[in-house]
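Those protein sequences? They're chains A and G, same order as listed.
Residue numbers for the first sequence follow the numbering used here, so the first one is 35 and each next one is one higher.
Residue numbers for the second sequence follow the numbering used here, so the first one is 15 and each next one is one higher.
Heads up, the beta-carbon is just placed ideally off N, CA and C, and yes, glycines get one too.
A short worksheet on the structure shown next.
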Amino acid sequence: MKMTQIRKYEELFFRVVMFLATSLILFSLCMIIYSILKYGLPAVSWSMISQLPKGGFYFGKEGGILNAILGSLYLAIGATIIAFLIGFPVSLFINIHMYKFRKLVSSIRFMLDVMWGIPSIVYGAFGFSVMLFLGMRSSLLAGMLTVTLFIIPVMIRSIDEVMKTVPVGLLESALSLGSTKSEISYKVYFKQCISGITTAMLLSFGRAIGDAASVLFTTGYTDNLPTSLTQPTATLPLAIFFQLSSPIEEVKQRAYASAVILTVIILIISLVSRVSSRSYHKHKIK
Amino acid sequence: MVIALAFSMLLPILLGIGLYLKSAPLLKDQSLFQILFSTSWKPLSGHFGLAPFIISSLWVTIIALILAGPICLLSAIHLTQYAKPIVLRIMHPVIDILAGIPSVIFGVWGVLVIVPWVGDFIGPIFDKQITGYSILSGGIVLAVMIIPFILNILIEVFRTIPEELTEVTLSLGATRWMVIKHVLLKKAFPGIVSAFSLGLSRAFGETIAVLMVVGNVTQIPTGALQPGYPLPALIANNYGEMLSIPMYDSALMLAALVLLVIVILFNVVSRWLIHRLEKNIG
Chain A
35 MKMTQIRKYE ELFFRVVMFL ATSLILFSLC MIIYSILKYG LPAVSWSMIS
85 QLPKGGFYFG KEGGILNAIL GSLYLAIGAT IIAFLIGFPV SLFINIHMYK
135 FRKLVSSIRF MLDVMWGIPS IVYGAFGFSV MLFLGMRSSL LAGMLTVTLF
185 IIPVMIRSID EVMKTVPVGL LESALSLGST KSEISYKVYF KQCISGITTA
235 MLLSFGRAIG DAASVLFTTG YTDNLPTSLT QPTATLPLAI FFQLSSPIEE
285 VKQRAYASAV ILTVIILIIS LVSRVSSRSY HKHKIK
Chain G
15 MVIALAFSML LPILLGIGLY LKSAPLLKDQ SLFQILFSTS WKPLSGHFGL
65 APFIISSLWV TIIALILAGP ICLLSAIHLT QYAKPIVLRI MHPVIDILAG
115 IPSVIFGVWG VLVIVPWVGD FIGPIFDKQI TGYSILSGGI VLAVMIIPFI
165 LNILIEVFRT IPEELTEVTL SLGATRWMVI KHVLLKKAFP GIVSAFSLGL
215 SRAFGETIAV LMVVGNVTQI PTGALQPGYP LPALIANNYG EMLSIPMYDS
265 ALMLAALVLL VIVILFNVVS RWLIHRLEKN IG
């Protein structure tokens, strides 16, 4: 066989393998969603979503996981709002005020990327030790703050990525017209980035609602709905986790059903963020 | 703004100090060396050897990387060099959704699909009666979890390689595959290494999904089909009882500190490589 022939076959071989690799990734996502739905959907019922767990729920009696669904939402919404309040000014600051200090900004970004990589269980352990130090009990507030720490790097970096795409000319022309940096921040950059900010918030929210390791120590678990920030709260990932470790088949079924609920929430978030990043182009200058 | 920035910058240091303060009592009692390399874990008699957990973590992480690495590399080359734009348009949301799925969902999937599969198919191949709750199951689940992260970075890495390089080589009469094999892979090598080490650090810290499928038996695993007990699982599983046994909480916080240090180390090195790569090209 000629050399060129061999090369051709080699290329063909690798093209097939590469195609298979890509298909395998697509396939594994489909398989995950399929198997969750297959096992979970039969067990999903309205009472699951709308009721609190009644006595003996974890032994297969009646009730639902409304406490976990709402608890997760409270926790994730609270954490996202706090993280936004901290993260948004930071990203504005490094993009507008520190505009001249390129090196410093890039090392800040570097630090944030590193923080993004810290495992959530470490944040959980840290939150727990701080909680003990302050003499707090496990509560919604403690969980919220821990999750906030965990999603701040995500929040800052994703807003920052959007702000990086704002043309520098816009900043310069606004400055030359005599506007202050704060005016630029909130009147120009905010409008330019609003869709990106929504996406960043949804991304952080998704991470907040799905994470189990950081709330394991800090929010506790309860069958009731929290009525104040100092009460323990149930969360959806933990509800799945606890129900799945039960030996009773009925309860395991509910874990699958809860997994369906969480998956649906995540898919909705992903869908909304996809739509939101396409719309809101009204103020956008390209 | 400044306060918020300072606070976020100090966060990793705060994490380190907080965990160190909590683990200090144990470190005063026993040397760090002794704890990290001792294999005996008997909290009741004050033996806190972390070695079984660290070795389990390494096993799971390395298996995940061996499985995910080649798939990501091949797929990244496919997506950036060969695929039509429509394929990339399909794969982008796939990668995003895969990255967004909570780890507990991966855990449920692992329990439902991977664990029985490993128990029923892989076990008999090696003539072993196993439940399927093993290091291999943990590795497989982890591999799927870290694919989106590695793939995302690899795609970026291949994109930063200038188009001219490919064009020049092609004009010399090379085939597309030869360009990839001889030019792109060499040029992208630091990026590939750092993508893998980022994936590694992510795999190392992953908790719930691994905890659910890996079996959690305190022993030094000698094969992939045995159950293991990774470091994050240790922390997550024992938080309930750690206040009742002396030094237990210190040991667990030390485990968290070890985790933090390892992950930060890997992150810093690999991010630094990527930053340098981007600077060289851009």
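Can you list the residues of chain A that residue i reaches, using a CB-CB cut of under 9 angstroms?
{"i": "residue 189 of chain G", "result": "38, 41, 42, 44 and 45"}
{"i": "residue 340 of chain G", "result": "The structure shown does not extend to residue 340 of chain G, since chain G is modelled only from 15 to 296, so the question has no answer here."}
{"i": "residue 253 of chain G", "result": "158, 159, 162, 250 and 251"}
{"i": "residue 196 of chain G", "result": "The premise fails here: residue 196 of chain G is roughly 12 angstroms from chain A at the closest Cβ pair, so nothing lies under 9 angstroms."}
Per DSSP, residue i is paired with what?
{"i": "residue 242 of chain G", "result": "G:229"}
{"i": "residue 61 of chain G", "result": "G:56"}
If we ignore side chains and look at the alpha-carbon of each, how far apart do residue i and residue j end up?
{"i": "residue 90 of chain G", "j": "residue 215 of chain G", "result": "20 angstroms"}
{"i": "residue 235 of chain A", "j": "residue 203 of chain G", "result": "34 angstroms"}
{"i": "residue 114 of chain A", "j": "residue 18 of chain G", "result": "15 angstroms"}
{"i": "residue 146 of chain A", "j": "residue 192 of chain A", "result": "11 angstroms"}
{"i": "residue 268 of chain G", "j": "residue 39 of chain G", "result": "10 angstroms"}
{"i": "residue 174 of chain A", "j": "residue 165 of chain A", "result": "12 angstroms"}
{"i": "residue 118 of chain G", "j": "residue 228 of chain G", "result": "14 angstroms"}
{"i": "residue 102 of chain G", "j": "residue 141 of chain G", "result": "42 angstroms"}
{"i": "residue 242 of chain A", "j": "residue 190 of chain G", "result": "43 angstroms"}
{"i": "residue 20 of chain G", "j": "residue 27 of chain G", "result": "11 angstroms"}
{"i": "residue 232 of chain G", "j": "residue 81 of chain G", "result": "25 angstroms"}
{"i": "residue 86 of chain G", "j": "residue 211 of chain A", "result": "49 angstroms"}
{"i": "residue 106 of chain G", "j": "residue 165 of chain G", "result": "10 angstroms"}
{"i": "residue 60 of chain A", "j": "residue 279 of chain A", "result": "29 angstroms"}
{"i": "residue 97 of chain G", "j": "residue 177 of chain G", "result": "16 angstroms"}
{"i": "residue 269 of chain A", "j": "residue 187 of chain G", "result": "60 angstroms"}
{"i": "residue 254 of chain A", "j": "residue 267 of chain A", "result": "6 angstroms"}
{"i": "residue 55 of chain A", "j": "residue 161 of chain G", "result": "11 angstroms"}
{"i": "residue 241 of chain G", "j": "residue 74 of chain G", "result": "10 angstroms"}
{"i": "residue 130 of chain G", "j": "residue 251 of chain G", "result": "23 angstroms"}
{"i": "residue 183 of chain A", "j": "residue 227 of chain A", "result": "23 angstroms"}
{"i": "residue 264 of chain G", "j": "residue 155 of chain A", "result": "15 angstroms"}
{"i": "residue 63 of chain G", "j": "residue 245 of chain G", "result": "12 angstroms"}
{"i": "residue 48 of chain A", "j": "residue 291 of chain G", "result": "26 angstroms"}
{"i": "residue 204 of chain A", "j": "residue 194 of chain A", "result": "16 angstroms"}
{"i": "residue 106 of chain A", "j": "residue 44 of chain A", "result": "52 angstroms"}
{"i": "residue 215 of chain A", "j": "residue 125 of chain A", "result": "13 angstroms"}
{"i": "residue 116 of chain A", "j": "residue 58 of chain A", "result": "39 angstroms"}
Which same chain residues, not among the five before or five after residue i, have their C-beta less than 7 angstroms away from its C-beta?
{"i": "residue 211 of chain G", "result": "280, 283 and 284"}
{"i": "residue 77 of chain G", "result": "149, 150, 153 and 238"}
{"i": "residue 273 of chain A", "result": "99, 102 and 292"}
{"i": "residue 74 of chain A", "result": "290, 291, 293 and 294"}
{"i": "residue 264 of chain A", "result": "173 and 175"}
{"i": "residue 94 of chain G", "result": "169, 172 and 173"}
{"i": "residue 60 of chain G", "result": "261"}
{"i": "residue 220 of chain G", "result": "117, 156, 159 and 246"}
Note down, in chain order, every chain A residue with its Cβ under 7 angstroms from the Cβ of residue i.
{"i": "residue 282 of chain G", "result": "148"}
{"i": "residue 249 of chain G", "result": "155 and 159"}
{"i": "residue 32 of chain G", "result": "160, 163 and 164"}
{"i": "residue 285 of chain G", "result": "144, 147 and 148"}
{"i": "residue 18 of chain G", "result": "120, 123 and 124"}
Using a Cβ cut-off of 8 angstroms, pull out every chain G residue sitting near residue i, in sequence order please.
{"i": "residue 289 of chain A", "result": "122"}
{"i": "residue 145 of chain A", "result": "23 and 26"}
{"i": "residue 275 of chain A", "result": "118, 121, 222 and 226"}
Quick one: residues in its chain with C-beta nearer than 8 angstroms to the C-beta of residue i, no 5 flanking neighbours on either side, listed in chain order?
{"i": "residue 120 of chain G", "result": "155, 158, 159 and 223"}
{"i": "residue 34 of chain G", "result": "271"}
{"i": "residue 65 of chain G", "result": "50, 51, 52, 53 and 234"}
{"i": "residue 288 of chain A", "result": "77, 82, 99 and 277"}
Apart from the five residues just before and just after residue i, which ones in its own chain have a Cβ nearer than 6 angstroms to its Cβ?
{"i": "residue 44 of chain G", "result": "none"}
{"i": "residue 69 of chain G", "result": "234"}
{"i": "residue 81 of chain A", "result": "98"}
Does the CB of residue i have a neighbour CB from chain B at under 8 angstroms?
{"i": "residue 201 of chain A", "result": "Among the protein chains of the structure shown, namely A and G, there is no chain B."}
Residues of chain G with a CB under 7 angstroms from the CB of residue i: which are they?
{"i": "residue 62 of chain A", "result": "158"}
{"i": "residue 281 of chain A", "result": "Neighbours of residue 281 of chain A on chain G: none; closest Cβ ~13 angstroms, over 7 angstroms."}
{"i": "residue 183 of chain A", "result": "25"}
{"i": "residue 49 of chain A", "result": "96"}
{"i": "residue 53 of chain A", "result": "92"}
{"i": "residue 14 of chain A", "result": "There is no way to answer for residue 14 of chain A, as the model of chain A reaches only from 35 to 320."}
Kindly list, in the order they appear in chain G, the residues whose Cβ is closer than 9 angstroms to that of residue i.
{"i": "residue 222 of chain A", "result": "Chain G residues near residue 222 of chain A: none, gap ~16 angstroms exceeds 9 angstroms."}
{"i": "residue 177 of chain A", "result": "Chain G residues near residue 177 of chain A: none, gap ~13 angstroms exceeds 9 angstroms."}
Could you name the residues of chain A that residue i contacts, counting a contact when the two beta carbons are closer than 8 angstroms?
{"i": "residue 266 of chain G", "result": "159"}
{"i": "residue 161 of chain G", "result": "59 and 62"}
Could you check if residue i belongs to the surroundings of the ligand COA, using beta carbon to heavy atom distance under 7 angstroms?
{"i": "residue 45 of chain A", "result": "No copy of the ligand COA occurs in the structure displayed, which carries no ligand at all."}
Taking Cβ-Cβ distances below 9 angstroms as the criterion, which residues of the region 92–114 of chain G are in contact with chain A?
-> So the list reads 92, 93, 95, 96, 97, 101, 104, 105, 107, 108, 109, 110, 111, 112 and 114, given in the order they occur along the chain.
Mind checking the region 185–200 of chain A against chain G and listing, in chain order, the residues whose C-beta falls within less than 9 angstroms of any C-beta there?
-> Listed in sequence order: 186, 187 and 190.
Got a sec: which bits of the region 64–86 of chain G sit with their beta carbon under 7 angstroms from any beta carbon on chain A, in order along the chain?
-> Legend: CB atoms of the region 64–86 of chain G lying less than 7 angstroms from CB atoms of chain A belong to residues 85.
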